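In numbering that gives the first Met the number 0, the protein residues as written are 0 to 723.
Have a look at the structure below before the remarks.
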Amino acid sequence: MNLDLMRFNRLTVRVTALLIVMVSLSILVMAHLSYTKLHEVTEDNASIRIDRAARAAASIFSHSLDHEFEIIRDQMDRPQAVHIVSETVETALTFRPEHDVVLKEIGMTNQGAANLFKLNPETMSFDRIATTFRRPDGSMPPPMSLSEGHPAYKNLIANKPFTGDVPVMGRLRLAYLTPIQSREGAVAGALAVDVGWVDDLHINRIEMQTLIIGYAIVILLLVVGVGVWQMTAELRPLKRLVRLANDLAAGKNTGDVPFTERSGEVGALAQGLSRVVEMQQKLSYLAYTDTLTGLGNRSRYLTDLREAVLQSKKGEREWMLLHINIDRFKDVNVAFGQSVGDTLLKCVAKAIEAVAGKEALIARLSADHFTVLLPQDGSGSTSSNYGDLLLRLCKPIELGSTEVHMSAAIGVVHLARDADTADDAHLKVDLALRQAKEDGGNCCAVFAEEMYLVLQSQIELERALREAIRKRAIQPYFQPQFDPSTNQLTGLEALARWHHKTKGMISPGAFIPIAESTGLIVDLGTLILDQTCSQARSWRDSGFDFKHLAVNVSPIQLLQPDFPHIVRGLLEKYELAGSNICLEVTENLFLDQDEGHVGSILDRLKALGLLISLDDFGSGYSSLGYLNRLPFDQLKVDRTFVMNVDKDHKNQQLLAGIVTLGHGLGLTIVAEGAETREEVDCVAKLGCNSVQGFAYAHPMPAKDIPAALKAIQSQDHIMTRRSA
């Protein structure tokens, strides 16, 4: 026989001996338990029955007399009062045959009695005006009243319902009495329902209880001495282990488990609980810890944040919350691989710990998003910690043979000053972090209420923009392009303009970024392209030779799978040749995009006969190889090369090089942003084929274009000056 079995047998013998002693008591104990259970069930059933009776009575009473009374109920739908709604007290509570009918229905439904009382203002007693009680001969019983001393009187006079036993003809009935209120809310009477006699059951229960307890006490006294001594000795360790198990289930720190060194079942149980404690500690660590960095995770962060906000609001301790986003971490992950990225995150975590200090509560929410809760000691030293943190994160990090230069955007919020709840703090620090990112990263932004206003303004502008696109309220304005040598029109560019009904003209610089960030740029671009094609058809029909109309296409719009199909559909819809439309794309199109994929899209558009222009050349993507490989027809020089070109020799040299490069590739050169005649003269001498800018005309509605062109082309002095 093995040791565990021997231990089990020893305990079995002890328990068996105890059970032999206790078996003589089993019948009495079971009887007592049965009585107790019967008592509980009886009480519960009585409570349930009277509760149902009260609800049913209230429903029948209000339904049958719905024009006179309404029922006031509590949150559990129990009737609290019957309110007189359309009659005076005298009218509503003066006996009528309908009262007997309603009470009879209530009594039949509840299998009990029902009574209706009216408060007598002189005696302040409740006089019965209707009842379901009848004498054996069927006649009405004598009048009765509920006065002071009656169990229900205090509740009713206080305008409260009463549940309990009430005396009726020298006996007790279980009843529910609901006060009846006047229209002003004063007590005016009562509606009483009961479910039968209860005193007989009380008497029998008391007699049975007395008899059972008497016999049980005698026997139990004989057993208590031995039983208490034996069970106390055996169960004392088990009680401690039970308490420990309850603490363990509640998530409390239980410390070391006792009795693990003991033999027998107690020792085995203690050792099992010890293993459970170890497992709970491991699970707790995993539940609140970021396994990569060893910092807290989102759950830890939210728990700490709630506690910090509470301390700050109570004035116990002030905290400052920081959200840190590592700039360009995705680029590092892509360039060097995930293992290097993980190592970098560990280095960042250590750097944050080193600067923030031991009392700081640090967590990692996502790949490159860290949080820090900094306690403020009142000296102001912590207020500069986020600045120190920013400087520390800017230092290069050695990853083997690779040196990585990092920076971060940091959002800051003071909990005591700016946050009422954890959610409030999280939202506001997110706004501050967003501001730091918009400022270019590598900086800190402390939350200010103005950030809310900016966010609300952007949200409102986005809503209005959606509505404007839906209603086609955004229209293309056209800015002409001219051959500077002949002063002849070479084309027009369509530019989105939004005239808001209350805010007036809204700058494209305000709504285009929102359209791009929300994806509305696709719908906006399609709208402008559709309107431009429609205008091209209109001008063609009127005989106006506009050469071609240029439309800006965002990278997001161009990369939509159905974009070439949409363009084809518009050309067919308005019966236009592809050469009537020029699509302008920017160098940003090539950032993070496969050149082959972009080229295939441009080839499909080129196959439709469209002109393709590279807009803002020189301001973005640094590679020039795509100029030769992609099907561009036109090169539009960025305005930075045109501004003051007549005075800036370096700009002249750069522009001359761009013109030579473009002409060498067979491209037409458009100089954008010329604002003075001198700039027009200079770009003309450098060989630009077309000029666009305020020197000729501002963007204008389509209806103004023909007249404006006549006025511009009549200015021969431009050509005269140039020829001179």
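All residues carry an ideal CB built from backbone N, CA and C; glycine is no exception.
As the structure is a prediction and not an experimental result, all values here were calculated from the model.
How would you label residue i, buried or exposed, when you count the other beta carbons within 10 angstroms and need 16 or more for buried?
i	result
Gly379	Unreliable placement is indicated for Gly379, whose pLDDT of 45 sits below 50; the coordinate value is still reported in the next sentence. That one is exposed.
Pro78	buried
Thr11	Unreliable positioning characterises Thr11 in this predicted model, as indicated by a pLDDT of 45, which lies under 50. The coordinate reading is nonetheless provided below. Classification for Thr11: exposed.
Pro698	buried
Gln434	buried
Thr90	exposed
Ser621	Bear in mind that the predicted position of Ser621 carries a pLDDT of just 48, short of 50, making it unreliable; the figure below should be weighed with that in mind. Answer is exposed; the Cβ neighbour count stays below 16.
Ala189	buried
Gly340	buried
Cys681	buried
Asp540	exposed
Asn245	exposed
Asn729	What the structure shows of the chain is the stretch from 0 to 723, and residue 729 is not part of that stretch, so it cannot be assessed.
Ala576	exposed
Helix, strand or coil, according to DSSP, for residue i in the structure here?
i	result
Ala694	coil
Met745	Residue 745 is absent from the structure shown; the chain starts at 0 and stops at 723.
Tyr385	helix
Ala706	helix
Arg471	coil
Asp422	helix
Ser516	helix
Ser578	helix
Pro507	helix
His564	helix
Thr290	coil
Asn688	coil
Ser621	Because Ser621 carries a pLDDT of 48, less than 50, the predicted location of this residue cannot be relied on, and the following value inherits that uncertainty. Of the three classes helix, strand and coil, the one that applies to Ser621 here is coil, per DSSP.
Asp3	Since pLDDT at Asp3 reaches only 40, below the 50 mark, its modelled position is unreliable, and the value read off the structure follows with that caveat. Note: Asp3 maps to helix in three-state DSSP.
Leu526	helix
Thr659	helix
Ala362	strand
Ala535	helix
Glu671	strand
Gly598	helix
Pull up the distance between the alpha-carbon of residue i and that of residue j, whole angstroms please.
i	j	result
Lys649	Asn643	10 Å
Lys103	Leu115	11 Å
Val550	Leu660	24 Å
His82	Ala191	15 Å
Asp289	Leu321	18 Å
Val597	Tyr625	10 Å
Ser409	Pro554	Before going on, a small fix: residue 409 reads as Ile here, not Ser. Using only the alpha carbons, I get a separation of about 30 Å.
Ala129	Phe94	7 Å
His716	Met405	In this prediction, His716 scores a pLDDT of 39, lower than 50, which makes its location untrustworthy; no coordinate-derived value is stated.
Ala421	Trp318	12 Å
Pro705	Leu364	59 Å
Leu392	Glu402	13 Å
Gln110	Ile71	24 Å
Gly106	Val84	24 Å
Leu708	Phe543	11 Å
Phe369	Ile361	7 Å
Gly184	Gly148	24 Å
Ile711	Asp367	56 Å
Ile47	Pro96	31 Å
Arg496	Arg465	14 Å
Gly314	Ala307	10 Å
Ser138	Thr209	42 Å
Ile396	Ala355	18 Å
Leu92	Val101	13 Å
Ala112	Asp193	5 Å
Suppose the cutoff is 7 Å on Cβ atoms and the five residues either side in sequence are ignored; what does the same chain contact list for residue i look like?
i	result
Arg316	Gln310 and Pro374
Val445	Val411 and Ala431
Thr342	Leu398
Leu605	Note on identity: in this sequence residue 605 is Lys, with Leu being the wrong assignment. The residues are Ile611 and Pro630.
Ala151	Leu145, Phe161, Val165 and Leu176
Apart from the five residues just before and just after residue i, which ones in its own chain have a Cβ nearer than 6 Å to its Cβ?
i	result
Gly692	Gly672, Ala673 and Glu674
Glu459	none
Ser382	Caution applies to Ser382, whose pLDDT of 47 falls short of 50 and renders its modelled position unreliable; the value that the coordinates give is listed next. Here the set comprises nothing.
His499	Ile505
Leaving out five residues on either side along the sequence, give the residues of the same chain with a beta carbon under 8 Å from the beta carbon of residue i.
i	result
Trp196	Arg170, Leu171 and Arg172
Of all Cβ atoms in chain E, is any one closer than 7 Å to the Cβ of residue i?
i	result
Phe125	Among the chains in the structure shown there is no chain E, since it carries only a single protein chain.
Counting only runs of 4+ residues fully inside the stretch 59-144, write out the alpha helix (DSSP H) ranges in chain order. Scanning the stretch 59-144 for uninterrupted alpha helix (DSSP H) segments of 4 residues or longer gives 88-91 and 96-109, listed from N- to C-terminal end.
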